[in-house]
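Chains A and B are the protein sequences, given in the same order.
Numbering-wise, our numbering puts 107 at position 107 of the first sequence, and it's gapless, one number per residue.
Numbering-wise, our numbering puts 160 at position 160 of the second sequence, and it's gapless, one number per residue.
Number of protein chains: 2
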Amino acid sequence: MTRTPLADVACSIARATDLFGDAWTALIMRDVLTGVTRFDDLAHDLGISRKVLAARLSRLVEEGVLIRERYQERPPREHYRATHKGEELYPVLLALMEWGDRWYADPAGPPARIRHLGCGRDTRPVSVCAHCGEPLTVANTTQLPGPGGRTGPGTQVLGPLLAAREDPPGAGRPAAV
Amino acid sequence: MTRTPLADVACSIARATDLFGDAWTALIMRDVLTGVTRFDDLAHDLGISRKVLAARLSRLVEEGVLIRERYQERPPREHYRATHKGEELYPVLLALMEWGDRWYADPAGPPARIRHLGCGRDTRPVSVCAHCGEPLTVANTTQLPGPGGRTGPGTQVLGPLLAAREDPPGAGRPAAV
DNA sequence: CCCTTAAGTTCCCTCAGGGAACTCGGGTAG
DNA sequence: CTACCCGAGTTCCCTGAGGGAACTTAAGGG
Chain A
1 MTRTPLADVA CSIARATDLF GDAWTALIMR DVLTGVTRFD DLAHDLGISR
51 KVLAARLSRL VEEGVLIRER YQERPPREHY RATHKGEELY PVLLALMEWG
101 DRWYADPAGP PARIRHLGCG RDTRPVSVCA HCGEPLTVAN TTQLPGPGGR
151 TGPGTQVLGP LLAAREDPPG AGRPAAV
Chain B
1 MTRTPLADVA CSIARATDLF GDAWTALIMR DVLTGVTRFD DLAHDLGISR
51 KVLAARLSRL VEEGVLIRER YQERPPREHY RATHKGEELY PVLLALMEWG
101 DRWYADPAGP PARIRHLGCG RDTRPVSVCA HCGEPLTVAN TTQLPGPGGR
151 TGPGTQVLGP LLAAREDPPG AGRPAAV
């Protein structure tokens with residue numbers, strides 16, 4: 001991958017994006033998490049080139065997001081399953097799906113429903129504060145440098161969000177960031 | 001974009017991924033939402049090629065995720081700001097960041113903290129059921145075809161998740177991860 | 001008058017992705 | 001025993017998107 005080594009950047013979005021910011025990875029994870037785990041099934045379902053699928057899968061295995069498992073001895077057959085790390089990508093998929101539903105849904109409605117087995121209802125995912133349970137939005141959060149943040153040139157981690165919003169660059173100069 | 005027209009697929013993840021499944025889009029949105037809104041600032045901060053940045057920005061404007069605004073008349077200067085549609089990508093970014101923090105954080109800790117202004121605490125985003133507030137996980141949800149779902153070949157929307165997990169394709173079922 | 005800044009464009013080049021055929025190990029049907 | 005199917009990749013060729021760096025345009029500034 002000749003891509004700029006985003007993994008070096010001190011931003012978790014960048015690190016996650018280095019793996020996940022790919023046209024296919026999200027779709028592969030969706031499929032694997034929903035039970036489409038075999039190479040040919042994935043290739044057929046996604047319409048992805050087999051070459052690229054093989055590359056993505058081995059990358060995902062390397063990253064510890066998937067494991068390649070033998071599911072049958074005779075003839076030997078392998079498939080891919082999500083690790084714990086892989087399953088934790090589920091919120092990302094949910095958020096992506098929710099956004100797609102809100103902004104690109106058919107007039108008929110969303111193509112899929114999510115049933116929460118805990119309460120038995122069809123539901124939508126909401127990103128909330130782990131402490132108080134209120135939904136997190138751009139407007140009610142600020143990013144501050146964390147312990148692992150090495151703030152320096154090229155490592156803009158997550159700037160002063162509200163500062164920028166409270167002083168919109170419309171009139172004067174944009175907030176220096 | 002010669003990419004397979006994922007937007008046609010009846011899956012919201014695919015639609016969202018068509019726009020968002022790109023090495024740079026997530027980082028651009030992070031920057032714009034955190035106050036880095038000018039072309040040169042983005043180019044410098046991300047280390048992205050100016051050509052690609054211009055292409056991404058106009059795509060994002062086309063999609064209604066960003067707007068190009070004049071922030072200064074003399075000399076005329078433009079910058080980019082998130083629309084409502086763009087701000088609603090925030091949960092996706094949060095989920096990505098959270099995942100990156102959990103799995104790739106420096107030993108020192110995450111590079112950024114999120115302060116929830118509502119309750120005043122540093123927090124983590126959690127994806128919960130809109131009805132009962134419980135966290136949504138792979139294990140406690142199922143996907144069902146929705147009203148807009150045209151189930152057919154190549155349009156595997158979101159399969160029967162738990163069905164697949166309860167009856168994996170192998171003889172001996174792999175240990176639940 | 002020349003330099004600088006902001007915001008892009010243009011050019012060239014390489015390499016990742018698409019498409020389709022080929023491989024390889026191991027059935028199963030005749 | 002041979003011939004024909006899998007499933008799971010690999011190989012080959014070709015196009016085009018991305019990297020890098022220089023060029024452009026418009027407006028100040030010293």
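Virtual Cβ for every residue (Gly too), placed ideally from N, Cα, C.
The structure presented is a predicted model; accordingly, all values stated were derived computationally and were not measured.
{"Check": "Alpha-carbon to alpha-carbon, ALA14(A) and LEU27(B)", "Outcome": "7 Å"}
{"Check": "Whether LEU144(A) touches ARG59(B) by CB criterion (8 Å)", "Outcome": "no"}
{"Check": "Beta-carbon proximity check, PRO125(B) vs SER127(A), cutoff 8 Å", "Outcome": "yes"}
{"Check": "Residues of its chain near TRP24(A), where Cβ-Cβ distance is below 6 Å and the 5 sequence neighbours each way are ignored", "Outcome": "ILE48 and ARG56"}
{"Check": "Cβ pair GLY148(B), ASP106(A) closer than 8 Å", "Outcome": "yes"}
{"Check": "Counterpart residues of GLY47(A) in DSSP-defined beta bridges", "Outcome": "Paired residue(s): none; GLY47(A) is not in a bridge."}
{"Check": "Chain A residues whose Cβ lies nearer than 7 Å to that of PHE20(B)", "Outcome": "LEU96"}
{"Check": "Nearest candidate by alpha-carbon position, reference VAL138(A), set HIS84(B), ILE67(B) and GLY109(B)", "Outcome": "HIS84(B)"}
{"Check": "Beta carbon proximity, ILE28(B) to chain A, threshold 8 Å", "Outcome": "no"}
{"Check": "Any C-beta of chain A under 8 Å from that of LEU93(B)", "Outcome": "yes"}
{"Check": "Proximity below 8 Å, CB of CYS129(A) to CB of HIS116(B)", "Outcome": "yes"}
{"Check": "For HIS84(B), the first and last residue of its enclosing beta strand (DSSP E)", "Outcome": "No beta strand (DSSP E) holds HIS84(B); the alpha helix (DSSP H) holding it covers 84–87."}
{"Check": "Per DSSP, cross-strand counterpart(s) of ILE114(A)", "Outcome": "THR123(A) and GLN143(B)"}
{"Check": "Cα-Cα separation, ALA43(A) to GLY35(A)", "Outcome": "14 Å"}
{"Check": "Cα-Cα separation, VAL92(B) to VAL92(A)", "Outcome": "6 Å"}
{"Check": "Three-state class that DSSP yields for GLY109(B) in the structure shown", "Outcome": "strand"}
{"Check": "Test item: CB-CB of GLU87(A) and HIS79(A) under 8 Å", "Outcome": "no"}
{"Check": "Proximity below 8 Å, CB of LEU33(B) to CB of THR17(A)", "Outcome": "no"}
{"Check": "Cα-Cα separation between VAL258(B) and TRP103(B), rounded to whole angstroms", "Outcome": "The structure shown does not extend to residue 258(B), since chain B is modelled only from 1 to 177, so the question has no answer here."}
{"Check": "Under 8 Å by beta carbon: chain A residues contacting SER12(B)", "Outcome": "LEU96, MET97, GLU98, TRP99, GLY100, ASP101, TYR104, ALA105, PRO110, PRO111 and ALA112"}
{"Check": "Residues that ILE67(A) bridges to, as DSSP identifies them", "Outcome": "ARG81(A)"}
{"Check": "Reduced DSSP secondary structure (H/G/I, E/B, other) of PRO76(B)", "Outcome": "coil"}
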